Each structure stands twice: as structure tokens, then as C-alpha cells.
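Trainee:
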């Protein structure tokens, strides 16, 4: 959903539809129109030799209508700060039906993290909704990029003066509209909170170097756990099943030529046996080779992550750093990590360390960037 210009300063307007979606609907529309024209002009023949008009025409009309809905379908939201309303609408190029709600019926803007599935994959989205005091929430939009969803949620919240609840990490964090742009330094200054550093936990994995206002944290690759090898075990069972059920009978079949055995054996062995084992092994090695260097100063937070073949360095200026907390890195593995956020960037690092060590590192970094 994209923001469009409004003639009124008291309105915040969003619109979706068109663009790439229209290109996606064009083949459906064209196919349906051709089918209808062919049916009406006698181009469709039944097996008995007669003309079949009704079924091809209806079939083509359905495709044409679906394509037209995708090409010309539009929807939108209009937030009005003067009238204290939000209007949602849908139509074909122009609104055909709209619903207006008063903002007093709503409680907050909320960001969630949810999994979506299609035939080929599972992916993560970050829905933005306007939560009602009672009843179903008003869906605003959902993006695969969490920064994009967060920018949208904060833009709307600041315009209508609503709090934002961010539950995208699995832990709901609520912030008022007036504090959405506050850095951690400003938050501590406003609340009078002091970033206390407790005694370090025993058996820490990370190595700390402090020089004046600069803190450097080195986190070496973690030792593998037995659970880390579970994906390889699953791949091994699957590959063994394919070998004994499909590949071995093929190789022992005396009626199959050597060339066919080689062709199909290479295909089955490579795609369904070797590839799953290789991918899971690479994943395990990549996970075990991950290491981090974190540098925190009053000016910025810089994180360098090293993997199997490359290193990546990113930083957030301290005046733009709005959140620093311990959370679950990904729903799939439930490993804790440190997460740092600004309006434009989210950094996750130190994944897999003990929760106690992560909490201690969080306080150490918080003290460094807010000094």
C-alpha cells in the first residue's frame, strides 16, 4: 500500500492496486477475452461437430473478470485527523464501496509477525492493523520487510496520535505516538533511568574490551549442540528412503539399459540424495562458523557478522537507535539474540548465546551508546 498526496492537510491517504499486480492480471484478461470472442464467433467446436457457445463463453468470461479485477482493482484508506475517522474502500479504478469508522472505536496500531505458505515455500510477513476496542481489527497492509511495516505503522500512529504495539519479535512492546522517534538516549533522559551494569554472568562466551567510552565485544563461533545435527539426520533418513525404495531397485533391474540407469540414477541420486545432504551440511557449517564483532560508542553501534565465506558490517548512529533488547531471532529455531532497531535498519546478532549473557551484554551496550 502506497501513500498518495492529498488535497487536505488533515488527511493521510493510502492506495493499493495497479502496478505489477496489473501486469499479473493481464494474461488472465487477454486469455478470457480471446476465449469469449472465439466462442461467440463459432471458433469453438464440440466433438460432435456442432458449435459450443455457452460453456466456452462462460469459461472465458470468468478468466476475463478475474483478470479485470486484478488489473483495475483498487483499495485504499483515508485517515482524517479533523473528522477523527478512517475510511476504507475498494473498487475498480474508483471507489465502489466504502466503510467509515470513527477513530474512537480503535485502540492502537499493531505490528505482528506471521507465517504465510504457498505451494513452494513458507515466508514471513509483518501485518499492520488498527486494533479495535471490540471486534475485528482493520487490516492496513502487510510487507515482507519489517522496516517497511514499522515505517507505515509509525507514520499512521503519529498522524492519528495512537500508540504502536510491536509484537513482531514475539514480545509485545508498546510505545506512545509522542515517543516513536525517541532514541534510547532520549528515552533514558526522559524517564531518568540509568543503564546499570550488573555483575557479569559466569562462563561467558564473549570477550569484552573497554577503552574509555568505547566497548568492543568479540563473539567466537559457538560449539555445536546435538540438536544442530537434527536437520542432517532428517535429510539422511529421506535420502536413505529414496535410495532403497527408488534408486536401488532401478540399479538392480536387469531390464533397464546401462544408459538409462546412468541417466535416471544420476538424476535421482543427485537431486534427492546428494543435494539434501549437501544443503543441510552447508547450513550446519555456516551456522557454526558465524561470529560477531560489536563496537559501541556514544556515536554509533557497529556490528560485523562473519560467516562461511564473507563478512558484513552495519551500523546505527546512537542518535537513531530506538530499541535494544533480547528477543527470539527467528520463529523456526527459537534461539535468543540481541536486536537493535532504528527507523531504517534492524540488526540481529549474538544469536545462540545464553539469555543471561545476552541480558548482560544488552546493559553494557546500552550504557555505551547512551553515555
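In the numbering used here, the protein residues as written are 135 to 505. Ideal Cβ positions, reconstructed from N, Cα and C, are used throughout, including at glycine. A quick note: this is a predicted structure, and the numbers were derived from the prediction, not measured.
Tell me which residues share the same chain as residue 232 and place their Cβ nearer than 6 angstroms to its Cβ, disregarding the 5 neighbours each side in the sequence.
Mentor: Around residue 232: 221 and 223.
Trainee: If you scan the stretch 320-407 from start to end, which runs of the beta strand (DSSP E) of 3 or more residues do you find wholly inside it?
Mentor: You should have 341-345 and 348-353.
Trainee: What did DSSP end up calling residue 481 once you bin it into helix, strand or coil?
Mentor: Three-state DSSP puts residue 481 in a strand.
Trainee: For the stretch 255-295, which segments carrying the beta strand (DSSP E) assignment without a break, of at least 3 residues, lie completely within its bounds, in sequence order?
Mentor: DSSP runs (the beta strand (DSSP E)) wholly in the stretch 255-295: 256-266 and 272-277.
Trainee: Are the beta-carbon atoms of residue 265 and residue 286 separated by less than 8 angstroms?
Mentor: No, they are not a contact pair.
Trainee: Helix, strand or coil, according to DSSP, for residue 184 in the structure here?
Mentor: Reliability fails at residue 184, whose pLDDT of 48 lies under 50, so the model's placement of it is uncertain and the value that follows must be treated cautiously. Residue state, collapsed to three classes: coil.
Trainee: Assess, as a yes-or-no matter, whether the stretch 319-332 is touched by the stretch 493-503 under the definition of 3 or more beta carbon pairs within less than 8 angstroms.
Mentor: Yes, since at least three Cβ pairs between the stretch 493-503 and the stretch 319-332 fall closer than 8 angstroms, the two stretches touch.
Trainee: Are there 16 or more other CB atoms within 10 angstroms of the CB of residue 138, so buried, or fewer, so exposed?
Mentor: Label assigned to residue 138: exposed.
Trainee: Output the boundary residues of the alpha helix (DSSP H) element that contains residue 430.
Mentor: No alpha helix (DSSP H) contains residue 430, which is instead part of the beta strand (DSSP E) from 425-430.
Trainee: Do you know whose CA, among 423, 476, 283 and 433, lies nearest residue 355's CA?
Mentor: Among 423, 476, 283 and 433, the Cα nearest to that of residue 355 belongs to 423.
Trainee: What are the boundary residues of the beta strand (DSSP E) that residue 474 is part of?
Mentor: Per DSSP, residue 474 belongs to the beta strand (DSSP E) from 470-475.
Trainee: Around the Cβ of residue 304, are there at least 16 other Cβ atoms within 10 angstroms (buried) or fewer (exposed)?
Mentor: Counting Cβ neighbours within 10 Å, residue 304 comes out exposed, since fewer than 16 surround it.
Trainee: By alpha-carbon positions, which one of 396, 229, 275 and 204 ends up nearest to residue 129?
Mentor: Because the chain is modelled from 135 through 505, residue 129 falls outside the range shown and cannot be assessed.
Trainee: Can you check which of these residues, 216, 248, 170 and 219, is closest to residue 197 by C-alpha distance?
Mentor: Cα-wise, what sits closest to residue 197 is 170.
Trainee: Check whether the stretch 437-445 touches the stretch 399-408, counting contact only when three or more Cβ pairs, one atom from each stretch, lie closer than 8 angstroms.
Mentor: As far as the Cβ criterion goes, the stretch 437-445 does not touch the stretch 399-408, which means the pair count is below three.
Trainee: What residues match up with residue 148 in a beta bridge as DSSP calls it?
Mentor: The partner list for residue 148 (beta bridge, DSSP) reads 137 and 211.
Trainee: By the 10 Å Cβ neighbour count, where 16 or more other Cβ atoms means buried, how is residue 484 classified, buried or exposed?
Mentor: Under this definition residue 484 is a buried residue.
Trainee: Roughly how many angstroms separate the alpha carbons of residue 279 and residue 473, rounded to a whole number?
Mentor: Their backbone Cα atoms lie some 15 angstroms apart in a straight line.
Trainee: In chain order, what residues of the same chain have a beta carbon less than 7 angstroms from the beta carbon of residue 410, not counting five sequence neighbours either side?
Mentor: Answer for residue 410: 369, 372 and 373, listed in chain order.
Trainee: Using DSSP with H/G/I as helix, E/B as strand and the rest coil, what is residue 498?
Mentor: Three-state result, residue 498: helix.
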